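Student:
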Amino acid sequence: MRRRTFLTTAAGTVLMFGISRSTRLRADTPPAVEKLYLSDEAWRERLTPEQYEVLRFSQTEFAGSSDLLHEYRAGTYVCAGCDLPLFKSDWKYNSRTGWPSFWRAFDEHLTTRKPIYAFRAPTEYRCARCDGHHGHIFEDGPPPTGLRYCSNGAALRFVPV
Ligand SMILES: [Zn+2]
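Numbering (the working numbering), first residue to last: 186 to 346.
#1: What does DSSP give as the partner residue(s) for residue 287 in the beta ladder?
#2: Just to confirm my understanding: we take residue 321, look at its own chain, exclude 5 residues before and 5 after, and list those with CB closer than 6 Å. What are they?
#3: Considering only heavy atoms of ligand 1, list every residue whose Cβ is less than 6 Å from one of them, following chain order.
#4: Where do the ends of the alpha helix (DSSP H) carrying residue 222 lie?
#5: Flag this pair as yes or no: are the beta carbons of residue 332 and residue 288 separated by less than 8 Å?
#6: If I'm right that residue 253 touches residue 240 with Cβ under 8 Å, what's the distance once you round it to whole angstroms?
#7: Ligand 3 and residue 327: does the residue's C-beta get closer than 7 Å to at least one heavy atom of that ligand?
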């Protein structure tokens with residue numbers, strides 16, 4: 186199934202060669218949630234400086250800097266920009282990378298951007314509602330998915346059960 190998706194996507198990419206870059210990127214994951222658009226000024230008011238740098242400018246927080254690395258309670262991790270649920274605590278694990286890591290996500294709440302020009306660069310994922318940058322997906326995670334959603338803790342807010 187995954188191979189079929191890959192082949193379809195690859196064929197689509199070839200067919201759409203020449204169409205604008207943003208069109209090809211959006212084709213990876215169809216949006217399933219209503220979008221939230223805010224002005225830059227509104228984002229600055231809504232977010233802390235660190236959240237703003239990560240979510241709106243795709244910066245990466247320092248490894249080991251997030252309090253969420255030590256969050257072990259049951260609950261949900263939501264987007265710090267718009268409260269859209271992105272991960273369950275059951276999907277979190279210690280990757281020893283210094284960034285909060287998950288092996289699964291609410292896929293329909295994320296959009297992904299595959300690097301087109303950098304062959305080995307990991308796929309970026311963003312919040313499907315506010316388009317905030319969250320992190321990257323690596324393929325060295327634990328079973329059953331084998332995926333690691335490497336997240337900036339600053340982009341997340343934890344909501345205990
Ligand atoms: Zn969001």
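We put the beta carbon where it would ideally sit given N, CA and C, even for glycine.
All values derive from a computational prediction rather than experimental measurement.
Tutor: A quick look at the data gives this:
#1: 277 and 334
#2: 307, 309 and 335
#3: 264, 266, 267, 269, 312, 314, 315 and 317
#4: Unbroken run through residue 222: none, as it is neither H nor E.
#5: yes
#6: Residue 253 to residue 240, Cβ: 15 Å. No contact.
#7: This structure simply doesn't include ligand 3; it includes ligand 1 instead.
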